[in-house]
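Enquirer:
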Amino acid sequence: MRAGLEPAVTGAVVASVTVFDERSLRRHDGPSEDFIDRLTGATLEGAVRRGKFLWLPLADTDVVGSRGTGVTQSLAGLPHPSVRLPHPSVHLPHPSVHLPHPSAHEAVVLHLGMSGQVLLRDRRTDDALTRIRLELDHPVLGPLRLNFVDQRIFGSMSIDALVPSGDDRAAGLGSDSRLIPAQVAHIARDPLDPAFDDRHFLARLAGKNTTIKRAMLDQTLVSGIGNIYADEALWAARIHYDQPTTTLSRPRAKALLVEVRAVLSRALGEGGTSFDAQYVNVNGASGYFSHSLNAYGRQGAACPRCGRPIVRDQFMNRGAHYCPYCQRVR
DNA sequence: AGCGAGCCCTGCGCGC
DNA sequence: TGCGCGCAGGGCTCGC
6 MRAGLEPAVT GAVVASVTVF DERSLRRHDG PSEDFIDRLT GATLEGAVRR GKFLWLPLAD
66 TDVVGSRGTG VTQSLAGLPH PSVRLPHPSV HLPHPSVHLP HPSAHEAVVL HLGMSGQVLL
126 RDRRTDDALT RIRLELDHPV LGPLRLNFVD QRIFGSMSID ALVPSGDDRA AGLGSDSRLI
186 PAQVAHIARD PLDPAFDDRH FLARLAGKNT TIKRAMLDQT LVSGIGNIYA DEALWAARIH
246 YDQPTTTLSR PRAKALLVEV RAVLSRALGE GGTSFDAQYV NVNGASGYFS HSLNAYGRQG
306 AACPRCGRPI VRDQFMNRGA HYCPYCQRVR
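Count along the first sequence starting at 1, add 5, and that's the number in this note's numbering.
1) Let me know if residue 319 comes out buried or exposed under the rule of 16 or more other beta-carbons within 10 Å of its beta-carbon.
2) Exposed or buried, what is residue 296 when buried is set at 16 or more other beta-carbons lying within 10 Å of its beta-carbon?
3) Determine the direct distance from the alpha carbon of residue 260 to that of residue 254, and round the result to whole angstroms.
4) Work out the CA separation of residue 145 and residue 17 for me, nearest whole Å.
5) Can you give me the start and stop residues for the beta strand (DSSP E) that residue 37 sits inside?
6) If I measure Cβ to Cβ from residue 190 and keep anything under 8 Å in the same chain, skipping five residues before and after, which residues do I get?
7) When DSSP builds the beta bridges, which residues end up paired with residue 251?
8) Tell me which same chain residues have a C-beta within less than 7 Å of the C-beta of residue 10, skipping the five on either side of it?
9) Give every residue of the same chain whose Cβ lies closer than 6 Å to the Cβ of residue 20, excluding the five residues on either side of it in the sequence, and list them in chain order.
10) What does the alpha-carbon distance come out to for the pair residue 294 and residue 30?
11) Could you pull out every unbroken alpha helix (DSSP H) segment of at least 4 residues lying fully inside the stretch 185-231, listed in chain order?
12) Taking all protein chains shown into account, do 16 or more other C-beta atoms lie within 10 angstroms of the C-beta of residue 271, making it buried, or fewer, making it exposed?
13) Would residue 178 pass as a contact of residue 112 if the rule is Cβ separation under 8 Å?
14) Which whole-angstrom value is the C-beta distance of residue 138 and residue 150, which I expect to be below 8 Å?
15) Can you tell me where the beta strand (DSSP E) with residue 169 in it begins and where it stops?
16) According to DSSP, is residue 27 part of a helix, a strand, or is it coil?
17) Which residues in the same chain have their Cβ closer than 8 Å to the Cβ of residue 219, if we skip the five residues on either side of it in sequence?
18) Any idea what DSSP makes of residue 21, helix, strand or coil?
19) Taking the alpha-carbon of residue 2 as reference, which of 216, 323, 196, 35 has the nearest alpha-carbon?
20) Please tell me whether residue 56 and residue 217 are closer than 8 Å, where the distance is taken between their beta carbons.
21) Which one of 132, 159, 163 has the shortest CA to CA distance from residue 152?
22) Roughly how many whole angstroms lie between the Cα atoms of residue 195 and residue 223?
23) Quick one: grab the DSSP three-state call for residue 257.
24) Counting only the same chain and skipping the five closest in sequence on each side, list residues whose C-beta sits under 8 Å from that of residue 276.
25) Hey, quick one: how far does the alpha helix (DSSP H) through residue 139 stretch, first residue to last?
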């Protein structure tokens, strides 16, 4: 989603905002009028991600001299290979957009929850269950529509202050900025982040008095891993979901981290995991990773490694899928 | 600290 | 065919 949004939102001006359901602003500190007022007319500077949170920094508008100075962001190479934007006929050789100085102090923050989608459309296209809509004017691509769709409304949009992330590394993927939305500051880096610190993670993991899957799903320890990718990485590393972290050896923990990265990389390469039309990219296309699952959702089916049946346990009010033969507590 | 329960929601598939 | 139930990719708060 980040990769798909980046070329469409960078340099775009928010022409109008429509909130169809205020419940999607649960994490916005203020009424919908506030969200609309602050966003309307704003220029989006890019698309940045940490774990499952995405944010679009807003160019400062009330800082004298901040607009139109300095940075030129190249949009050459548009569109992203996996992205088909609504206006493919717009073709400019090596287009570029002059952006304000990247000193944004606010951002639009998005989380998809369980059932959220962000769909890039032309100005005529509606999507069922659209909760919030942004009409964008992009300097190269022209008029666009961003539909935030969410069946269960566990996801959200909000405007949040950008605060220092605490170290001198980029706060997320997609920007060099060290600023992070306040509501995302407690979220750990994800294992694909170049600034992810393996040693720091392994030390914190070893110091926890819990079990491994619970730790993997703890977004303040490591982010970006949900129920599917936890089960898949544990299967690949042959580790039982209820293995105590205190007895998980460092070599096995390191091997698990390797498998987490492999699973996340492959899933991103295949566009994510789609069981239905719920999980789609910005064009509404489904990912293919569901065809690559070895454990998740495969209870009763043969383990691809040993042929014995995969089992599903109730765990943390969710399912834990594993092979009782390959994955044992030890 | 860690953990379980509960909550925020809708829609789908299944069994009866 | 129709209904009720269980289930679903997440994250947060609360009380123990």
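Positions of the beta carbon are idealized from the N, C-alpha and C atoms, including for glycine.
Expert: Straight from the coordinates:
1) Classification of residue 319: exposed, given that the 10 Å Cβ count is below 16.
2) By the neighbour-count definition (other C-beta atoms within 10 Å, threshold 16), residue 296 is an exposed residue.
3) Going from the Cα of residue 254 to the Cα of residue 260 covers about 10 Å.
4) When rounded, the distance between both Cα atoms is 9 Å.
5) Looking at the DSSP string, residue 37 is not in any beta strand (DSSP E); the run it does join, the alpha helix (DSSP H), is 37-44.
6) If we look at residue 190 and ignore the five residues flanking it on each side, its Cβ neighbours are 168, 170, 171.
7) For residue 251, DSSP assigns no beta-bridge partner whatsoever.
8) If you ignore the 5 residues before and after residue 10, its C-beta comes within less than 7 Å of the C-beta of 52, 123, 287, all in its own chain and listed in chain order.
9) Cβ neighbours of residue 20 beyond the five flanking positions: 140, 142.
10) The alpha-carbon atoms of residue 294 and residue 30 are separated by roughly 30 Å.
11) Counting whole runs of 4 or more residues, the stretch 185-231 contains the alpha helix (DSSP H) stretches 203-211, 217-221.
12) With fewer than 16 Cβ atoms within 10 Å of its Cβ, residue 271 is classed as exposed.
13) Contact: no.
14) Correct: roughly 7 Å between the Cβ atoms.
15) Its beta strand (DSSP E) spans residues 161-169.
16) Here residue 27 sits in helix by DSSP.
17) When the five nearest sequence neighbours on each side are left out, the beta carbons in the same chain lying within less than 8 Å of the beta carbon of residue 219 are those of 321, in order along the chain.
18) The three-state reading of DSSP puts residue 21 in strand, counting E and B together.
19) One cannot answer for residue 2 here, as it falls past the ends of the chain, which runs 6 to 335.
20) No, Cβ-Cβ distance for residue 56 and residue 217 is not below 8 Å.
21) For residue 152, the nearest C-alpha among the options comes from 132.
22) Taking C-alpha positions only, residue 195 is separated from residue 223 by approximately 11 Å.
23) In this structure, residue 257 counts as helix in the three-state DSSP scheme.
24) Correct list, in chain order: 87, 286, 290, 291, 292, 293, 294.
25) In the DSSP assignment, residue 139 falls outside any alpha helix (DSSP H) and within the unbroken beta strand (DSSP E) covering 135-143.
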